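This note's numbering applies: residue 151 is where the sequence shown begins, and numbers increase by one.
A virtual CB, placed ideally from N, CA and C, is assigned to each residue, including glycine.
Since this is a predicted model, take the numbers as computed values, not measurements.
The structure appears below as structure tokens.
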Amino acid sequence: MEKEKTIIKVKDMTRHYNTNGIVVKALNNASFEIKKGEFIAIMGASGSGKTTMLRILGLLDKPTKGQYTINNLDVVNLPEEERNYYRLTQLGYVFQDYALINEMTASENVHILSLMEGKSKKESLLNAKEALENVGLGDKLERVPNQLSGGEKQRVAIARAIAKKPRILFADEPCANLDTHTSGQVLEVLKNLNKKFNQTIVMVTHELWHTKYASRVIQLKDGFIVSDKRRR
Ligand SMILES: Nc1ncnc2c1ncn2[C@@H]1O[C@H](COP(=O)(O)OP(=O)(O)OP(=O)(O)O)[C@@H](O)[C@H]1O
Ligand SMILES: [Mg+2]
């Protein structure tokens, strides 16, 4: 098999929060690489530093020290505007609370971003339809969020994140508000995107059974990586 390209390189990534003189060492000297097409699950107990790590990887926060590159680009030290642009155009996000606009249909929730980016209405609509089909919601394009189940809402959020074909898809506990059965469906959707499009995914979870959908599991404990294992 052809060797996959390294997309993410992290060296000594550290994040200490300083609140009124009290320092919390949320993440310490994390070093690892991620190849294109990996589906990473970041595991660990509450407070172990999972969200801290995901926010830094997703350019929503900066490390206290350490290096981080995406495709050899030093994304930590990009000028603020370029960093924001990179985040908007190259990275996709799914959070536990869906963050959909209630007044808009599934299709509108997905295509509004590409309209704002200046794409034509026709192209935006087509992209949205394709993204929603890829998460199994091709028949629910015109539903508003309160006509959708929790799992369907999360799948709309995933469609919104993948519509721009991001280099990396980040998900922080995407199943936190879902029951076991629905969680399985959402994880299955992520796994399919990973397989079908070789989509690189970094997902935070604290449920052990969720890790079976991933290709690699990074385990955090008290802000340290304590294990890093490939599953397939
Ligand atoms: N903005 C902040 N200011 C100060 N401390 C913070 C901040 N954000 C997180 N922390 C602390 O950093 C540590 C790691 O937090 P983090 O949110 O990364 O954990 P987590 O693994 O995502 O936990 P959970 O499973 O509960 O979401 C915790 O001790 C937390 O209290
Ligand atoms: Mg968290």
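- Query: Just checking my contact of residue 306 with residue 287 at CB under 8 Å: how many whole Å lie between their CB atoms?
  - Reply: 7 Å
- Message: Please identify the residue among 369, 238 and 379 whose C-alpha is closest to the C-alpha of residue 199.
- Response: Nearest C-alpha to residue 199 among 369, 238 and 379: 369.
- Where do the N-terminal and C-terminal ends of the alpha helix (DSSP H) with residue 347 fall, by residue? Segment 330–347, the alpha helix (DSSP H) holding residue 347.
- Task: Ignore the nearest five residues each way along the sequence and tell me which others in residue 381's own chain have a CB closer than 8 Å to its CB.
- Result: 361, 362, 364, 365, 366 and 367
- What residue ranges within the stretch 254–323 form continuous beta strand (DSSP E) runs of no fewer than 3 residues, ordered along the chain? Counting only unbroken stretches of 3 or more residues, the beta strand (DSSP E) elements lying wholly within the stretch 254–323 are 318–322, in sequence order.
- Task: Mind listing which residues have their beta carbon within less than 7 Å of any non-hydrogen atom of ligand 2? Chain order is fine.
- Result: That query returns the following residues: 200, 201, 322, 323 and 354.
- Alpha carbon to alpha carbon, how far is residue 375 from residue 236? Near 27 Å, if we compare the C-alpha coordinates of residue 236 and residue 375.
- Using 10 angstroms around the beta-carbon of residue 213, count the other beta-carbons present and answer buried if the total reaches 16, otherwise exposed. buried
- So, is residue 243 buried or exposed, given that buried needs 16 or more other C-beta atoms within 10 angstroms? buried
- Task: Determine contact between the stretch 176–186 and the stretch 155–168, defined as no fewer than three beta-carbon pairs at a distance below 8 Å.
- Result: yes
- Message: Taking the straight line between their C-alpha atoms, what separation do you get for residue 261 and residue 299?
- Response: 20 Å
- Task: Give a yes or no on whether the C-beta atoms belonging to residue 303 and residue 295 are separated by under 8 Å.
- Result: yes
- Message: Using only the alpha-carbon positions, how far apart do residue 278 and residue 170 sit?
- Response: 45 Å
- Run through the stretch 155–213 for me and flag every whole alpha helix (DSSP H) of 4 or more residues, listed as ranges in chain order. 200–207
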